[in-house]
Amino acid sequence: TQLLEQSPQFLSIQEGENLTVYCNSSSVFSSLQWYRQEPGEGPVLLVTVVTGGEVKKLKRLTFQFGDARKDSSLHITAAQPGDTGLYLCAGANTGNQFYFGTGTSLTVIP
Amino acid sequence: DTGVSQDPRHKITKRGQNVTFRCDPISEHNRLYWYRQTLGQGPEFLTYFQNEAQLEKSRLLSDRFSAERPKGSFSTLEIQRTEQGDSAMYLCASSLLLSSYEQYFGPGTRLTVT
């Protein structure tokens, strides 16, 4: 089983603070995705990273794929209450099977 | 196209009954995936289709679980002889073949087995 561990599991911060979520595995993935999920809804794709060392920015969100394609991070600058949700990373192997991380539940307090 | 849709959104059933869920993917998407998500966990991959072919089913949770996509469009997931441990959110996702890592999820079907 290709496990993806996310840390922290829970995070509660004040509006305006910065935060980083980590996604780690001992396995190599051909690509890695980050999703955000609201309660009672399906995950919504935020970004896909494919190349080791790749960095992508989406407004206040910065995503990085590790050089060895085993880990990734999500950094949010100046968090807002609208960023509240469950953040999930997911890795795809060459067999097109997807493995999701355990999730990070973020609460941004106004 | 309004995205991936799933029906029903909620299902309550008694233990031992069979249930079937439907997923309608984004119309031009070749690939369709089923996942199960329990409370506090990330989605767990179950199976996927490329058009009408089921390319991976070894990760279906037991032989009580089966999925079909007979015409390469919508798909159904059936659970026979439901157990309380089957209570979960069942998610469907679809993607294009050439960008298969970009999956778009439906809202899910919440199953409660009493």
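Protein chains in written order, with the numbering used here: chain X, 1 to 110; chain Y, 1 to 114.
Cβ coordinates follow ideal geometry from the N, Cα and C atoms, glycine included.
Buried or exposed: residue i, going by 16 or more other Cβ atoms within 10 Å of its Cβ?
i	result
P43 of chain Y	buried
S94 of chain Y	buried
P8 of chain Y	exposed
L111 of chain Y	buried
S71 of chain X	The sequence given here places Asp at residue 71 of chain X; Ser does not occur at that position. By the neighbour-count rule (16 or more Cβ atoms within 10 Å), D71 of chain X is buried.
S100 of chain Y	buried
R31 of chain Y	buried
H29 of chain Y	buried
Just the chain Y side, please: which residues come within less than 7 angstroms of residue i by C-beta, in chain order?
i	result
E31 of chain X	One point to set straight first is that residue 31 of chain X is Ser, not Glu, in the sequence displayed. By Cβ distance, chain Y contributes Y101.
L45 of chain X	E102, Q103, Y104
Can you tell me whether residue i is helix, strand or coil according to DSSP?
i	result
S99 of chain Y	helix
Q84 of chain Y	helix
G85 of chain X	strand
I79 of chain Y	strand
R36 of chain X	strand
S7 of chain X	strand
H75 of chain X	strand
Q41 of chain Y	coil
H10 of chain Y	strand
V50 of chain X	coil
I26 of chain Y	coil
Q50 of chain Y	strand
L45 of chain X	strand
R119 of chain Y	No answer is possible for residue 119 of chain Y: it lies beyond the span of chain Y, which begins at 1 and ends at 114.
V21 of chain X	strand
E56 of chain Y	strand
V19 of chain Y	strand
E15 of chain X	coil
R69 of chain Y	coil
Suppose you measure from the CA of residue i to the CA of residue j; what does that come to, to the nearest Å?
i	j	result
N96 of chain X	T84 of chain X	30 angstroms
T38 of chain Y	T51 of chain X	31 angstroms
L59 of chain Y	F65 of chain Y	Here residue 59 of chain Y turns out to be Arg, not Leu, going by the sequence shown. In a straight line, the C-alpha of R59 of chain Y is about 10 angstroms away from that of F65 of chain Y.
N24 of chain X	L61 of chain X	18 angstroms
L106 of chain X	E52 of chain Y	38 angstroms
A78 of chain X	S12 of chain X	13 angstroms
V44 of chain X	G3 of chain Y	11 angstroms
Q33 of chain X	D67 of chain X	15 angstroms
F131 of chain X	Q6 of chain Y	The requested residue 131 of chain X does not occur in the structure, where chain X is confined to residues 1 to 110.
G85 of chain Y	R69 of chain Y	25 angstroms
K56 of chain X	R69 of chain X	14 angstroms
Q9 of chain X	T104 of chain X	5 angstroms
R36 of chain X	C23 of chain Y	21 angstroms
E41 of chain X	G40 of chain Y	14 angstroms
C89 of chain X	L61 of chain Y	22 angstroms
M89 of chain Y	G53 of chain X	34 angstroms
V47 of chain X	L74 of chain X	10 angstroms
L86 of chain X	L19 of chain X	14 angstroms
I79 of chain Y	F21 of chain Y	9 angstroms
Going along chain Y, which residues have a C-beta under 9 angstroms from residue i?
i	result
G101 of chain X	G42
T48 of chain X	S99, Y101, E102
Name the chain X residues that come within less than 9 angstroms of residue i, Cβ to Cβ?
i	result
E56 of chain Y	G95, N96, Q97
P107 of chain Y	G40, E41, G42
Quick check on residue i - is its C-beta less than 7 angstroms from some C-beta in chain A?
i	result
L88 of chain X	In the structure shown, chain A does not exist; the protein chains are X and Y.
Residue i touches chain X at which residues, Cβ-Cβ below 8 angstroms?
i	result
L111 of chain Y	Ordered by position in chain X, no residue passes the 8 angstroms Cβ test against L111 of chain Y, which lies about 13 angstroms from the chain.
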